[in-house]
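Below is one structure, written out as structure tokens; comments come after it.
Residue numbers (full-length UniProt numbering): 1 to 86.
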């Protein structure tokens, strides 16, 4: 589904950000700069985790809706079969 595709993209983004953060910190020498880079990274990762959580909720809602639709269709078929048997 689209959510699964987006989840993969978010995961890829997270991996790239981690690598980028590590590279940036390796080149910083001032503690204040390192602290700021860490704070920026943490804030960005918090947003990514929020996004991932939202995507997971959407996926669950889509699955639940599909399951309800399938159950309703099965109930409809069952009812039609019972009506034909009468």
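Don't be surprised by glycine CBs; every beta carbon is placed ideally from N, CA and C.
Through-space distance from residue j to residue i, alpha-carbon basis
i: residue 62; j: residue 11; result: 20 Å
i: residue 48; j: residue 79; result: 46 Å
i: residue 67; j: residue 27; result: 51 Å
i: residue 38; j: residue 64; result: 39 Å
i: residue 4; j: residue 50; result: 16 Å
i: residue 36; j: residue 70; result: 51 Å
i: residue 24; j: residue 18; result: 10 Å
i: residue 7; j: residue 58; result: 11 Å
i: residue 34; j: residue 22; result: 11 Å
i: residue 31; j: residue 20; result: 18 Å
When the options are compared against residue i, the one with the closest alpha-carbon
i: residue 9; options: 60, 55, 85; result: 55
i: residue 2; options: 60, 33, 30, 20; result: 60
i: residue 13; options: 52, 83, 58, 84; result: 52
Problem - Meets three-Cβ-pair contact criterion under 8 Å: the segment 67–75 and the segment 34–52 - result: Touching, no.
Length at least 4, wholly inside the UniProt region "Disordered" (63–86): the alpha helix (DSSP H) runs in chain order: List check, alpha helix (DSSP H) in window: nothing returned.
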